[in-house]
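Take a look at the structure set out below.
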Amino acid sequence: MNQSNDIRLTQKSFARKAQAEPEHRFQDLWHILCREDWIKTALARTLTNSGAKTAGIDGMSKKDLNTDAKQVAFIASLQSELKSGTFKPMPVRRTWIPKLGKSEKRPLGIPTVKDRVVQEMLRMLMEPIWESDFLDCSHGFRPGRRTMDCIETLYSRIQPRNKYYWVVEGDIRKCFDRIHHKKLVDLVSKRIADKRVVRLIDAFLKAGVMEDGLFQETPEGTPQGGILSPLLANIYLHELDRWWWEKYGGLSQKERSKRRQRNEGNFILTRYADDFIILCNGTKESAEKIKQETKDFLLNELHLELSDEKTRITHATEGFDFLGFHVQREEPKDNKPWLRVTPTHKSEQRLRDTIQRMTDRALVWEPVPEKINSINRVLRGWGNYYKNVSSSLIRSKLDWYMSQRILKWLGERHKGMGKRVVLKKYYIRQGKRKNWGCKDGQETVYLFMLRDIQHSNYPRKKRNNPYLEDNAIPNFETETPHIDTWDGTTSRRKADWWEARNQAQIRDNHRCTQCGSTEVLEVHHLKPSGGNRLDNLQTLCQRCHEQTLSYGIDRRQN
Numbered sequence: 025m026n027q028s029n030d031i032r033l034t035q036k037s038f039a040r041k042a043q044a045e046p047e048h049r050f051q052d053l054w055h056i057l058c059r060e061d062w063i064k065t066a067l068a069r070t071l072t073n074s075g076a077k078t079a080g081i082d083g084m085s086k087k088d089l090n091t092d093a094k095q096v097a098f099i100a101s102l103q104s105e106l107k108s109g110t111f112k113p114m115p116v117r118r119t120w121i122p123k124l125g126k127s128e129k130r131p132l133g134i135p136t137v138k139d140r141v142v143q144e145m146l147r148m149l150m151e152p153i154w155e156s157d158f159l160d161c162s163h164g165f166r167p168g169r170r171t172m173d174c175i176e177t178l179y180s181r182i183q184p185r186n187k188y189y190w191v192v193e194g195d196i197r198k199c200f201d202r203i204h205h206k207k208l209v210d211l212v213s214k215r216i217a218d219k220r221v222v223r224l225i226d227a228f229l230k231a232g233v234m235e236d237g238l239f240q241e242t243p244e245g246t247p248q249g250g251i252l253s254p255l256l257a258n259i260y261l262h263e264l265d266r267w268w269w270e271k272y273g274g275l276s277q278k279e280r281s282k283r284r285q286r287n288e289g290n291f292i293l294t295r296y297a298d299d300f301i302i303l304c305n306g307t308k309e310s311a312e313k314i315k316q317e318t319k320d321f322l323l324n325e326l327h328l329e330l331s332d333e334k335t336r337i338t339h340a341t342e343g344f345d346f347l348g349f350h351v352q353r354e355e356p357k358d359n360k361p362w363l364r365v366t367p368t369h370k371s372e373q374r375l376r377d378t379i380q381r382m383t384d385r386a387l388v389w390e391p392v393p394e395k396i397n398s399i400n401r402v403l404r405g406w407g408n409y410y411k412n413v414s415s416s417l418i419r420s421k422l423d424w425y426m427s428q429r430i431l432k433w434l435g436e437r438h439k440g441m442g443k444r445v446v447l448k449k450y451y452i453r454q455g456k457r458k459n460w461g462c463k464d465g466q467e468t469v470y471l472f473m474l475r476d477i478q479h480s481n482y483p484r485k486k487r488n489n490p491y492l493e494d495n496a497i498p499n500f501e502t503e504t505p506h507i508d509t510w511d512g513t514t515s516r517r518k519a520d521w522w523e524a525r526n527q528a529q530i531r532d533n534h535r536c537t538q539c540g541s542t543e544v545l546e547v548h549h550l551k552p553s554g555g556n557r558l559d560n561l562q563t564l565c566q567r568c569h570e571q572t573l574s575y576g577i578d579r580r581q582n
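All letters in the sequence shown, in the order written, are residues 25 to 582 by our numbering.
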C-alpha cells in the first residue's frame with residue numbers, strides 16, 4: 025500500500041473512533057511515531073516549511089539534508105532514538121526580530137529540525153482525534169478553515185432578524201505564553217492514554233529556551249515556533265468553547281426565546297486561535313455580564329487573564345476590527361441597513377509601508393522584472409485575503425499608490441532619463457489598457473493590479489472533520505494580508521518560481537491534472553532538471569504529487 029494512503033487510513037480510523045466515542049482514550053500510539061513512513065512524511069513536510077532554512081541550537085538546517093542519503097540517515101537515527109526511548113526535545117533557540125512597522129522587537133523561537141519532525145508526527149497523530157471534538161465556533165489553525173469563517177458568522181448574526189448588535193471584543197493577555205502546563209497535559213490525557221506520548225508532549229512544553237548561550241526554563245506557555253503549538257493552544261482554548269456551548273450555545277430555540285423575553289439576551293462565540301468575539305442580542309448590561317463571566321472562567325479554569333483595557337464592548341453601528349477586517353453596521357436613512365466589512369485601516373497602511381520599503385531608493389539596483397515579481401506576490405496575497413469583502417474602493421486607491429511608487433522607483437533607477445522616457449519605456453500596453461511592465465527574456469512581466477481581483481461571496485457550509493473525507497488531504501495555511509517577514513529583497517530564483525507556479529495553476533484551472541482534486545494543490549516539475557518553464561510544470565494535489573518518482577527532488581528544488 026502507498027505510504028501516504030496508509031497514513032491517511034490510520035488518521036481516518038482515529039477520526040471515526042473519536043467521533044463515535046467522545047470519551048474514548050487512545051492507547052498504544054507510540055509505535056506509530058516509530059514508523060519509518062510517518063517519520064519520512066513528517067520530514068518532507070518539515071523541509072517544505074520556510075523555517076527549515078534556519079537552524080536550531082544544534083546547527084542543523086534544510087541544507088544539511090539536501091540529499092537522499094542524508095535524509096535516510098536522519099530518518100534511521102531518529103527512528104532508533106524513538107524506539108529506544110532516548111529521544112529528548114532540545115531547547116528552542118530564541119532570537120528577536122523587528123515588529124512590522126515598529127521599533128520594538130518580538131521573540132522568535134527556532135526548534136531543531138529533529139524536534140520539528142517529531143512535533144509534526146504528533147500533530148499528524150493528534151489532529152484527527154481533536155478535529156472530532158472541536159466545536160464549529162473555532163476556526164484558527166484548523167484544516168480547511170479560514171478567517172472568513174469567523175466573518176461569515178458576523179454576516180449571518182448581525183442583522184435585523186437576530187439582532188446580535190452588541191459585540192464583546194475578547195483579548196487574552198499573552199495567551200500562548202501563559203498556558204498552564206499541568207492543565208494542558210491533563211486535557212491531552214483525556215484523549216491520549218499512552219503515557220509515553222503524554223510524557224513526550226510534556227517534555228516539549230518543558231524543553232526551555234536558549235538565548236545568547238544561556239538556558240531559560242519554560243514553566244508555562246506552548247513551545248515557541250513549534251509545529252504542534254497551534255493544536256495544543258486549540259486543545260486548551262477548546263475548554264472556553266465548551267463552557268460557552270454548555271451554558272449558552274447549545275440552548276434550544278425555546279430557551280433562547282425565553283431569554284430574549286427576559287431581556288437577558290443570547291450569546292454567539294466565534295474564535296480564531298486566541299482572538300475571539302462574543303455577540304449579544306440583549307442589552308449592553310447583558311454584554312457586560314458575559315464579559316465578566318468569560319473573564320472569571322478564563323482566570324479560574326484556564327489560568328488566563330482577560331485584558332480589561334483591550335476587551336471592549338462595542339455596538340455594531342460603531343464598528344470594530346477583527347482579524348484584519350473592519351466590521352460596521354450601516355443604517356442609511358434612505359436605504360436598507362447592511363453590514364459593511366472592509367480591510368482595516370491598519371492593514372491598508374501596512375501594505376503601503378511594505379510597498380514603500382520595496383520601492384526604496386536604496387534598492388534601485390534590483391532588476392526590474394525581479395522587482396515587479398516580488399511586488400506582485402505581496403499584492404496577490406493581500407488582495408486574495410480580502411477578495412470576499414467590500415474592498416474595491418480601497419484596492420483602487422492602493423493601485424494608484426503603487427503606480428506612483430513604481431514610477432518614483434524607476435525614476436531613481438534611471439536618473440537622468442526623465443519621467444517621459446521612463447513612462448514610454450515601462451508604462452506599456454497590456455490588452456486594452458496600459459500598465460507597468462517590462463520584458464523578462466521572451467515574456468513580458470506586468471505589475472499586478474488589485475482592482476483585477478473579482479469579488480466573490482464566501483461559501484457558507486457546515487465543516488465536518490476533514491479526516492473523515494475520502495478525497496481530501498487535511499491541511500491549513502496561516503493566512504496573512506501582507507508579507508510581514510519581507511526583508512527588502514527577493515531572490516530572482518524564488519520570484520521566478522512563485523510566478524511560474526501561479527501561472528501553472530491558472531493554466532490548469534486550479535485542479536489536479538491527474539485526479540481533478542482542488543484540495544492542497546502543488547506544482548510538479550515533469551523533468552527535475554528542466555527548470556521553471558511553464559511547459560515543465562504540472563499542477564497536482566499532494567496525494568498525486570507524493571506518488572511521482574521525483575517527489576523528493578521537487579521539494580528540494582524550490
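Quick reminder that beta carbons are idealized off the backbone N, C-alpha and C, glycines included.
Model, not experiment: these values are computed from the prediction.
Quiz item: With 16 as the cutoff for other CB atoms within 10 Å, does Ala311 come out buried or exposed?
Solution: buried
Practice problem: Less than 8 Å between the CB atoms is what I'm expecting for Leu53 and Met145, so what's the real figure, rounded? | Solution: About 10 Å; that fails the 8 Å criterion.
Self-check item: Same chain, Cβ closer than 7 Å to Arg580, five either side skipped, listed in chain order
Solution: No answer about Arg580 holds up, because its pLDDT of 46 lies below 50 and its placement is not dependable.
Exercise. Go ahead and label Gln380 buried or exposed: buried means 16 or more other beta carbons lie within 10 angstroms of its beta carbon, across all protein chains shown.
Key: exposed
Quiz prompt | Enclosing beta strand (DSSP E) for Val589 [first to last residue] | solution = Because the chain here runs from 25 to 582, residue 589 falls outside it and cannot be looked at.
Quiz item: What are the complete beta strand (DSSP E) segments, minimum 3 residues, inside the region 154-216?
Solution: 190-195
Practice problem: Provide the residue(s) that pair with Asn459 in DSSP beta bridges, ordered along the chain. | Solution: For Asn459, which the question treats as bridged, DSSP gives the partners Ile452.
Practice problem: Grab the span of the alpha helix (DSSP H) containing Thr318 for me, first residue to last. | Solution: 308-326
Quiz item: Expressed to the nearest angstrom, what Euclidean distance is found between the alpha-carbon atoms of Gly232 and Thr242?
Solution: A straight-line Cα-Cα distance of about 5 Å links Gly232 and Thr242.
Quiz item: Just to confirm, are Asp265 and Ser162 a CB contact at a threshold of 8 Å?
Solution: yes
Practice problem: Identify the continuous beta strand (DSSP E) that holds Glu244 and give its terminal residues. | Solution: Run containing Glu244: none; DSSP gives neither H nor E here.
Exercise. Note the first and the last residue of the continuous alpha helix (DSSP H) segment covering Ile302.
Key: Note, Ile302: premise wrong, no alpha helix (DSSP H); beta strand (DSSP E) at 299-304.
Quiz prompt | Helix, strand or coil at Gln538 [DSSP, three-state] | solution = coil
Exercise. Ignore the nearest five residues each way along the sequence and tell me which others in Val221's own chain have a CB closer than 7 Å to its CB.
Key: Close CB contacts of Val221 within its chain, under the 7 Å cut and outside five residues either way in sequence, are with Leu53, Trp54 (chain order).
Practice problem: Within the same chain, show all residues whose beta-carbon is closer than 6 Å to that of Lys458, passing over the 5 residues directly before and after it, in chain order. | Solution: Tyr451
Quiz item: Which one or two residues does DSSP pair with Lys129 in a beta bridge?
Solution: Pro122
Quiz item: To which residues does DSSP link Trp362 through a beta bridge?
Solution: Glu354
Quiz item: Nearest to Pro167 by alpha carbon, out of Ile175, Trp154, Thr177, Glu176?
Solution: Trp154
Quiz item: In terms of alpha-carbon separation, which member of Leu363, Lys129, Val141 lies closest to Gln95?
Solution: Val141
Quiz item: Going by other Cβ atoms of all chains shown within 10 Å of its Cβ, with 16 needed for buried, is Met426 buried or exposed?
Solution: By the neighbour-count rule (16 or more Cβ atoms within 10 Å), Met426 is buried.
Quiz item: So what does DSSP say about Asp88, is it helix, strand or coil?
Solution: helix
Practice problem: Whole angstroms is fine: what's the gap from Glu105's alpha carbon to Ile99's? | Solution: 10 Å
Quiz prompt | Contact between the region 254-268 and the region 188-203 (3+ Cβ pairs under 8 Å) | solution = Yes, since at least three Cβ pairs between the region 254-268 and the region 188-203 fall closer than 8 Å, the two stretches touch.
Quiz item: Ile314 and Glu193: beta carbons closer than 8 Å?
Solution: It is not a contact, given that the beta carbons lie outside the stated cut-off.
Exercise. Could you pull the start and end residues of the beta strand (DSSP E) that Met234 belongs to?
Key: First-last of the beta strand (DSSP E) with Met234: 233-235.
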